[in-house]
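K.L.:
Count along the sequence shown starting at 1, add 262, and that's the number in the numbering used here.
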Amino acid sequence: MNQTTADGWVAFAQSAFHEQPQAQRDEAMRSASLAAMALMLAAAEAGWASCPMSGFDPAAVRKLASLPESHLPVLLVAVGKAAAAQAQKVRAPVEQLWRRI
Ligand SMILES: Cc1cc2nc3c(=O)[nH]c(=O)nc-3n(C[C@H](O)[C@H](O)[C@H](O)COP(=O)(O)O)c2cc1C
Numbered sequence: 263m264n265q266t267t268a269d270g271w272v273a274f275a276q277s278a279f280h281e282q283p284q285a286q287r288d289e290a291m292r293s294a295s296l297a298a299m300a301l302m303l304a305a306a307e308a309g310w311a312s313c314p315m316s317g318f319d320p321a322a323v324r325k326l327a328s329l330p331e332s333h334l335p336v337l338l339v340a341v342g343k344a345a346a347a348q349a350q351k352v353r354a355p356v357e358q359l360w361r362r363i
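1. Which residues mark the beginning and the end of the alpha helix (DSSP H) in which Ala273 is found?
2. Put Ser316 into one of helix, strand or coil per three-state DSSP.
3. What residue range is occupied by the uninterrupted beta strand (DSSP E) comprising Val336?
4. Per DSSP, Val341 forms a beta bridge with which residues?
5. Taking 7 Å as the line, does the beta carbon of Ser293 fall inside it for any heavy atom of ligand 1?
6. How long is the line joining the alpha carbons of Ser332 and Pro314, rounded to whole angstroms?
7. Let me know the secondary structure DSSP gives Ala300 once reduced to three states.
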């Protein structure tokens, strides 16, 4: 993404979510979750295993990564070689999870 495009997105976010902390947080969760999913799909394509984790200490992660207070740690994603091939776990059928409208 070039700087002009990035600046445009920042300006949009600043105006759309101005003084709406809940909407800011919701959007951060959405955006970071989509980014994590993209990372995990790219990792899988490259032959890596990955695992999302939300059970962490946000303050400790903020300190470790030198994140400013304005940044919200949403997910950690471990990426590496799986110790052994894992069998696919049972998943709910997709028809149960979405409906076409
Ligand atoms: C949003 C999210 C957060 C998760 N957080 C954790 C976590 O903090 N610790 C953990 O052991 N597993 C966590 N998991 C579960 C693992 O990422 C993983 O899904 C689990 O080990 C089972 O993997 P599988 O069902 O694909 O085999 C989380 C899963 C999701 C979707």
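Backbone N, C-alpha and C fix where the C-beta goes; we use that ideal spot for every residue, glycine too.
From a predicted model like this one, the values you see are computed outputs, not experimental measurements.
P.N.:
With the given structure in hand:
1. It spans 265-278 - the alpha helix (DSSP H) in which Ala273 sits, taken as one unbroken run.
2. coil
3. No beta strand (DSSP E) holds Val336; DSSP gives it neither H nor E.
4. Ser312
5. no
6. 22 Å
7. helix
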